[in-house]
Amino acid sequence: MTYVRNNWYAIAWSGEIGEALVARRIMGEPVVLYRTAAGEPVALEDRCPHRFLPLSMGRRKGDAIECGYHGMTFGGDGLCRRIPGQETIPDTARVRSYPVRDHMGLVWIWPGDPKLADPALVFDLAQYHDPAWEVVHGEALHVRATCLALAENLCDPAHVAFVHQSTLGNSAHEDVPIEVEIADRRVTTTRWTIDAEPIPLFRKLGRFEGNIDRWQIYIFDAPSTSVIDFGGAATGTGAPEGRRDDCVWMFACHFLTPVDHDRAVDHWLVVKNFRAADPKDNEVLKDQLRMAFNEDKEILEAIRAEEERVPDGRPLRIAVDKGAVMMRRIVDRLARAECDAVATI
Ligand code: FES
Ligand SMILES: [Fe+2]
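FYI, in this note's numbering the residues of the sequence shown are 149 to 493.
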C-alpha cells in the first residue's frame with residue numbers, strides 16, 4: 149500500500165475531541181486523541197507498551213492517560229510518568245506522540261517524521277475565514293476503498309454527469325472536454341459547460357431563471373486534499389472570462405485520510421458565497437451533498453468488491469482518466485521519495 153506519511157491529514161472534527169479518549173486509526177496505526185485542560189489536542193499511539201492494551205480503554209489523569217490494565221501513565225508527549233509498583237521508569241516506557249493541529253474546524257495529524265511537521269503546511273482556504281463567505285461543516289464519509297480510489301474520484305469531473313444526476317450533474321456535461329494541468333503536487337482538472345440548464349442543486353437554491361455557464365474546477369493537492377471550486381452564473385454574464393460578481397460559487401473541500409489498506413475517510417465541508425436566509429437552507433444543501441457523496445461511496449465500494457474478485461484485472465484507460473493517472477503518479481513519486489529518504493539515513 150502506498151502511503152505518503154509526511155503530510156497533515158484530517159483525523160477528526162475539532163468538536164469531537166475533548167475530555168474523552170477517542171480511538172481512531174490512520175494508515176493501519178491505532179491513535180488515541182484527547183484535549184488537554186488548556187484545550188490543546190493530543191494524539192498518541194493507542195497501544196500501551198506493557199501488554200499492548202489500547203490506551204483509549206484507559207482513563208484521563210489530568211493531561212495524561214492511565215492505562216486501563218496496570219495503570220502505567222503517559223503524558224501528552226508520549227513519555228511514561230508512572231509505573232505502579234516500581235520507582236524507575238525505563239526509556240523504553242513510552243508511546244509515540246504525533247504532531248497535531250486544530251485548523252478549519254478539524255484536527256490534523258502528521259503521521260510522518262515529526263521534525264518535518266511544519267504547521268504552515270496545514271491546508272488553508274482563504275475564503276473559509278472571510279466573513280463574506282459562509283462555511284457549512286459537513287460530515288465524515290467512511291468508504292470501504294483505498295484512499296487513492298477516493299482521490300481518483302476527486303480528480304474526475306467526468307463522472308458527475310452519470311453518478312450525480314439527481315444533485316450535481318445533468319446530461320449537458322456528458323461530452324464537454326476536460327482540461328488537466330499539473331504543477332508540483334497539484335492536479336487541476338477543469339470543465340466549463342456553457343449555456344446549459346442549471347443542475348438540480350442550483351435549481352433547489354432557486355437562483356437561476358434561464359441557462360447558466362457552469363464551472364467545475366477540481367483542485368487536488370496530493371496526497372489527500374481536494375477542493376472543488378464549482379458554481380454557475382447566468383449565461384452571457386462573463387463568468388468564463390473571470391467575472392463572477394453575480395453567481396453561485398462554492399468550494400467543496402474534501403480531506404482524505406487512509407484508515408488502512410482498504411478503508412478511507414473523507415471529512416468534507418463547503419464554503420459558499422451566499423448566506424442561508426434560514427439555517428434550514430444549509431441543511432438542504434448538506435442533504436444534497438450527502439446524497440451525492442453517498443453515490444460516490446456506492447460506486448467506489450462496488451468497484452472495490454470487483455477488484456477483490458479479480459485482483460490482477462487491469463482497468464482500461466480512457467481520455468477522462470488523465471487527471472487521475474497524473475495524480476497517482478504524483479502520489480507514487482511522493483511515497484517513493486520518502487522511502488529513498490529513509491534508505492539514505
Ligand atoms: S497493559 Fe498497560 S499497564 Fe499493563
Ligand atoms: Fe462524485
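Just so it is clear, CB atoms sit at the ideal spot from N, CA and C, and this is done for glycine as well.
Same chain, Cβ closer than 7 Å to residue i, neighbours up to 5 away in sequence not counted
i	result
Ile231	Met220, Ile237 and Ala241
Leu349	Thr315, Leu316 and Gln436
Leu201	Cys215, Gly216 and Tyr217
Lys445	Leu289 and Val291
Val434	The sequence as given places Lys at residue 434; Val does not occur at that position. Within the same chain, Lys434 has close Cβ partners Val284 and Gly286.
Three-state secondary structure assigned by DSSP to residue i
i	result
Val152	coil
Arg457	helix
Cys303	coil
Met439	helix
Asp225	coil
Ile451	helix
Met220	coil
Phe403	strand
Arg351	helix
Arg249	strand
His409	coil
Asp444	helix
Asp414	strand
Gly206	coil
His312	coil
Cys503	The question about residue 503 has no answer here: the residues shown for the chain are numbered 149 through 493.
Leu192	strand
Arg391	coil
Ala160	strand
Arg484	helix
Val479	helix
Leu464	coil
Leu201	coil
Glu214	strand
Val432	helix
Leu273	coil
Pro427	helix
Pro267	helix
Whole-number beta carbon distance between residue j and residue i, since they are thought to touch under 8 Å
i	j	result
Leu353	Val396	6 Å
Val324	Val335	Val324 to Val335, Cβ: 18 Å. No contact.
Ala160	Leu181	6 Å
Ala158	Leu273	In fact, because the Cβ distance is near 13 Å, the residues do not count as touching under 8 Å.
Arg423	Glu282	5 Å
Ile360	Val468	In fact, because the Cβ distance is near 22 Å, the residues do not count as touching under 8 Å.
Ala344	Arg362	6 Å
Gly530	Arg153	Summary: the structure shown does not reach residue 530, with the chain confined to residues 149 through 493, and so no result is reported for it.
Contacting residues, own chain, Cβ-Cβ under 6 Å from residue i (five flanking each side not counted)
i	result
Ile376	Tyr366 and Ala400
Gln364	Pro305, Arg339 and Phe378
Ser374	Leu302, Phe368 and His402
His251	Val270
Ala297	Leu448
Lys420	Glu282 and Met398
Residue(s) in a DSSP beta bridge with residue i
i	result
Glu327	Thr338
Met474	According to DSSP, which records beta bridges pairwise, Met474 is partnered with nothing at all.
Ala171	Val180
Tyr366	Thr337 and Ile376
Glu282	Lys420
Asp361	Ala381
Glu345	Answer is none; Glu345 lacks a bridge partner.
His290	Val413
Arg230	Thr221
Leu503	Residue 503 is absent from the structure shown; the chain starts at 149 and stops at 493.
Val396	Gly380
Arg242	Leu227
Residue nearest to residue i in terms of C-alpha spacing, selected from the options
i	options	result
Gly155	Arg199, Arg292, Asn359 and Leu269	Residue 155 is actually Asn in this sequence, not Gly. Measuring from the Cα of Asn155, the nearest candidate turns out to be Leu269.
Leu169	Cys487, Thr150 and Val190	Val190
His218	Ala297, Pro197, Phe356 and Glu164	Pro197
Arg308	Asn442, Glu167 and Glu486	Going by the sequence as given, residue 308 is Val instead of Arg. Checked all of Asn442, Glu167 and Glu486; the closest Cα to Val308 is Asn442.
Gly286	Asp278, Asp239 and Ser162	Ser162
Lys209	Gly233, Gly386 and Arg183	Arg183
Arg438	Glu449, Arg355, Leu417 and Tyr151	Leu417
Glu456	Asp410, Phe222, Arg351 and Val479	Asp410
Val407	Ala171, Glu167, Glu164 and Ile165	Ala171
Ala146	Gly176, Ala280, Ile478 and Pro247	The requested residue 146 is not part of the displayed model; the chain covers only 149 to 493.
Val413	Gly176, Ala485 and Val311	Gly176
Asp332	Pro371, Thr294, Thr341 and Glu357	Pro371
Gly384	Met398, Gly358, Pro427 and Thr405	Gly358
Thr294	Arg476, Cys487 and Gln313	Arg476
Trp258	Asp429, Ala485, Thr405 and Arg355	Thr405
Leu203	Thr150, Trp256, Ala489 and Pro178	Pro178
Arg355	Leu482, Ile466 and Asp394	Asp394
Ile330	Met205, Gly471, Ile347 and Gln234	Gly471
8 Å CB neighbourhood of residue i in its chain, flanking five on each side removed
i	result
Gly226	Leu192, Glu193, Arg242, Val243, Arg244 and Ser245
Val432	Lys352
Residue i at chain D interface by Cβ criterion, 8 Å
i	result
Val418	Chain labels in this structure do not include chain D; a single protein chain is all it has.
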